[in-house]
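Trainee: This is the structure, below, for whatever I ask next.
2 protein chains.
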Amino acid sequence: MNDRDVEVLGRAPLFEALDEEGAKALRAIVSEVHLSRGQTLFSEDQEGDRLYVVLEGKIKLTRTAPDGRENLLSVLGPSEMFGELSLFDPRPRTASAIAVTEARLAALGHSDLWPFLKGHPEISIHLLRALAQRLRRTNENMADLVFTDVPGRVAKALLDLAERFGQPSESGLHVHHDLTQEELAQLVGASRETVNKALADFAQRGWLRIEARAVQVLDIDRLRKRSR
Amino acid sequence: MNDRDVEVLGRAPLFEALDEEGAKALRAIVSEVHLSRGQTLFSEDQEGDRLYVVLEGKIKLTRTAPDGRENLLSVLGPSEMFGELSLFDPRPRTASAIAVTEARLAALGHSDLWPFLKGHPEISIHLLRALAQRLRRTNENMADLVFTDVPGRVAKALLDLAERFGQPSESGLHVHHDLTQEELAQLVGASRETVNKALADFAQRGWLRIEARAVQVLDIDRLRKRSR
DNA sequence: CTCATCCTGCGATGTACGTCACACTGTGGT
DNA sequence: ACCACAGTGTGACGTACATCGCAGGATGAG
Chain L
1 MNDRDVEVLG RAPLFEALDE EGAKALRAIV SEVHLSRGQT LFSEDQEGDR
51 LYVVLEGKIK LTRTAPDGRE NLLSVLGPSE MFGELSLFDP RPRTASAIAV
101 TEARLAALGH SDLWPFLKGH PEISIHLLRA LAQRLRRTNE NMADLVFTDV
151 PGRVAKALLD LAERFGQPSE SGLHVHHDLT QEELAQLVGA SRETVNKALA
201 DFAQRGWLRI EARAVQVLDI DRLRKRSR
Chain X
1 MNDRDVEVLG RAPLFEALDE EGAKALRAIV SEVHLSRGQT LFSEDQEGDR
51 LYVVLEGKIK LTRTAPDGRE NLLSVLGPSE MFGELSLFDP RPRTASAIAV
101 TEARLAALGH SDLWPFLKGH PEISIHLLRA LAQRLRRTNE NMADLVFTDV
151 PGRVAKALLD LAERFGQPSE SGLHVHHDLT QEELAQLVGA SRETVNKALA
201 DFAQRGWLRI EARAVQVLDI DRLRKRSR
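The structure is reproduced here in structure tokens:
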């Protein structure tokens, strides 16, 4: 694990709570996982008690309906944590984790983390905060599903992705989200076609330019307005 | 606080974790709140760092969209906890809490609970589990919004309410949910009218009988099938 | 380079559900 | 006992979005 990884890991809620000594000890027991694009890390209904932090790349969490249709819960990038639910609430996984890009992860199992929680109760507090934030965000998304139309949800999703993965560039903000329109559609809970039309509409209005698995945001304010 | 209250409180995730001694100490510092039907305990955007456990009655958590439309996050009954998010993640409340029936609550503030968390780290673990379960449930509901039609969501909501508030009776299961059809509609993310039609349809098929703020479930299996 | 496969773009059609309108019923307040 | 008003029941109508169909690009494996 290189210096950059250490920095990335340090921004995860788990490590944030620890002093350098504790962080060092915890780093010593994480194991590293490498995934190539499209590879699945774990699947719905599997047993599993490992928690992951993204070091590099992007991971999507998906749920599959009985009829096979899919739903994208979230897309996670560096420093973000996932898989912890089955650690605190020992049940089979309720989502699958699949690499959207080539990715490297840090992994911690139940038996590795648990003693640490006992020894460093401040970690629990940070984890509670992280889960509380997630719950807020999820409730927000629920409300959006009910109240906001598809273009609005697409705008919201893009803004969120822009905030997390956007890179300033000559003509605006370059958001390389690495998602196909199909995946974007699953993320906002709509059909691929409608999302495509919404994007085309935004592009035609000059708010953004569409690229392969990315967009150039040209007028972020307009996009914000459309998202409300 | 009477014996019954003590028992109800003991089933909340907060108290579950404690031995009798700890529970007794914690009980000593909770304060009791009384609400009459329709009264609001706290509102969206308010500051607040108190956590509540329902002792008696029912509370709804609602969000209001900018345009005034409402969304019901959940309906909580005895032993259920709410308001803890702003305790772990100190931000204004993201939902309002309103009494659906006359209700009594036990309340704990930040300054009361925090020392307890330090002294009893096992509480944090139980709280983590509680939040993890909630997150799973919320994700489930999201998927339903995307994949399940309104009648299906109504069926799901009724089954959930039945499980939590149902009373066995002569002809089936009596579910006194205390919600108007308007509130039920806000809970499943649909219009009052469509929910009414779904209920009428279920009743006409003989799956249930509609009563004021309640239903008699007559054929729970059919209802289950319709919900999937 | 070439073919197969994945991804994107976009029009035509159907439908579930929201909105509107209105009538009926129960309930609680003075 | 009355009226007001909150809650329920149901039809007519419009529309946002899913579904279907297909065509044009991009991508990558051999």
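Residue numbers (the UniProt record's numbering), protein chains in the order written: chain L, 1 to 228; chain X, 1 to 228. Glycine included, each C-beta is placed from N, C-alpha and C at the ideal position.
1) Taking a contact to mean a Cβ-Cβ separation below 9 Å, would you say L:ASN71 touches L:GLN216 in this structure?
2) Which residue wins for smallest C-alpha separation from L:ARG4, given the options L:PHE15, L:LEU55, L:ALA23, L:HIS34?
3) Could you check where the beta strand (DSSP E) with X:PRO78 kicks off and where it finishes?
4) Whose C-beta lies closer than 6 Å to the C-beta of X:GLU102 among residues of the same chain, with five residues either side of it excluded?
5) Sort out for me which residues DSSP pairs L:ARG209 with in a bridge.
6) If you measure from the beta carbon of X:ARG228 to each beta carbon in chain L, is any gap under 9 Å?
7) For the UniProt domain "HTH crp-type" (148 to 221) of chain L, which residues have a beta carbon sitting closer than 7 Å to at least one beta carbon of chain X?
8) What residues from the stretch 133 to 146 of chain L come within 8 Å of chain X, judged by C-beta to C-beta, listed N to C?
9) Note down, in chain order, each residue of its chain lying with its Cβ closer than 8 Å to the Cβ of L:THR64, except the 5 sequence neighbours on either side.
10) My output table needs one value for X:LEU55: the three-state DSSP class, helix, strand or coil.
11) Buried or exposed for L:PRO151, going by 16 or more other Cβ atoms inside 10 Å?
12) Under 6 Å Cβ to Cβ from L:ALA12, same chain only, skipping five residues before and after it: list those, please.
13) Can you tell me whether DSSP reads L:HIS177 as helix, strand or coil?
14) Is the distance from the Cβ of L:THR180 to the Cβ of L:ILE98 below 9 Å?
15) With a threshold of 9 Å between beta-carbons, can L:ALA65 be considered close to chain X, or not?
16) Does the stretch 116 to 134 of chain L come into contact with the stretch 122 to 140 of chain X, if we say contact requires no fewer than three beta-carbon pairs (one atom in each stretch) closer than 8 Å?
17) Determine the DSSP secondary structure at L:SER86, reduced to helix, strand or coil.
18) Report the option in L:HIS174, L:HIS120, L:ARG137, L:PHE147 whose CA atom is closest to the CA atom of X:ARG93.
19) May I ask which residues mark the beginning and end of the alpha helix (DSSP H) holding X:VAL6?
20) Determine which residues share a DSSP beta bridge with L:HIS34 and list them.
21) For X:SER96 and chain L, any beta-carbon pair shorter than 9 Å?
22) Can you tell me whether X:GLY68 is helix, strand or coil according to DSSP?
23) I want to know whether the stretch 102 to 111 of chain L touches the stretch 132 to 149 of chain X - three or more CB-CB distances under 8 Å.
24) For L:ILE125, return the contacting residues in chain X, with the cut-off set at a CB-CB distance below 8 Å.
25) By the three-class DSSP mapping on this structure, what secondary structure does L:ALA97 have?
26) Going by DSSP, what residue range makes up the alpha helix (DSSP H) through L:GLY119?
Mentor: So, from the data block:
1) The Cβ atoms of L:ASN71 and L:GLN216 lie no closer than 9 Å to each other.
2) Of L:PHE15, L:LEU55, L:ALA23, L:HIS34, the smallest CA-CA separation from L:ARG4 is found for L:LEU55.
3) If you look at X:PRO78, you'll find it isn't in any beta strand (DSSP E); DSSP assigns it neither H nor E.
4) For X:GLU102, where only same-chain residues beyond five positions count, the Cβ hits under 6 Å are SER36, ARG37, GLY57.
5) Looking at the DSSP assignment, L:ARG209 forms a beta bridge with L:GLN216.
6) Answer yes: the Cβ-Cβ gap between X:ARG228 and chain L drops below 9 Å somewhere.
7) Here the close residues are GLY189.
8) The stretch 133 to 146 of chain L vs chain X, Cβ under 8 Å: GLN133, ARG134, LEU135, ARG136, THR138, ASN139, GLU140, ASN141, MET142, ALA143, LEU145, VAL146.
9) Close CB contacts of L:THR64 within its chain, under the 8 Å cut and outside five residues either way in sequence, are with GLU44, GLU70, ASN71, SER96 (chain order).
10) Looking at X:LEU55 - three-state DSSP - the assignment turns out to be strand.
11) Result: buried.
12) If we look at L:ALA12 and ignore the five residues flanking it on each side, its Cβ neighbours are VAL53, SER79, MET81.
13) When DSSP states are grouped into helix, strand and coil, L:HIS177 belongs to the coil group.
14) In this structure, L:ILE98 does not lie closer than 9 Å to L:THR180 by Cβ.
15) Contact with chain X is found for L:ALA65, since one of that chain's Cβ atoms lies less than 9 Å from the residue's Cβ.
16) Under the three-pair Cβ rule at 8 Å, the stretch 116 to 134 of chain L counts as touching the stretch 122 to 140 of chain X.
17) Helix, per DSSP.
18) The residue with the shortest Cα to Cα distance from X:ARG93 is L:ARG137.
19) Here the alpha helix (DSSP H) through X:VAL6 covers 3 to 10.
20) The bridge partners DSSP lists for L:HIS34 are L:ARG104.
21) It does not; no Cβ of chain L falls within 9 Å.
22) Correct three-state label for X:GLY68: coil.
23) Inter-segment contact for the stretch 102 to 111 of chain L and the stretch 132 to 149 of chain X is absent: fewer than three beta-carbon pairs are separated by less than 8 Å.
24) Within chain X, the C-beta atoms nearer than 8 Å to that of L:ILE125 come from PHE88, LEU117, SER124, in chain order.
25) In the displayed model, L:ALA97 falls within a strand according to three-state DSSP.
26) 110 to 119 is the extent of the alpha helix (DSSP H) around L:GLY119.
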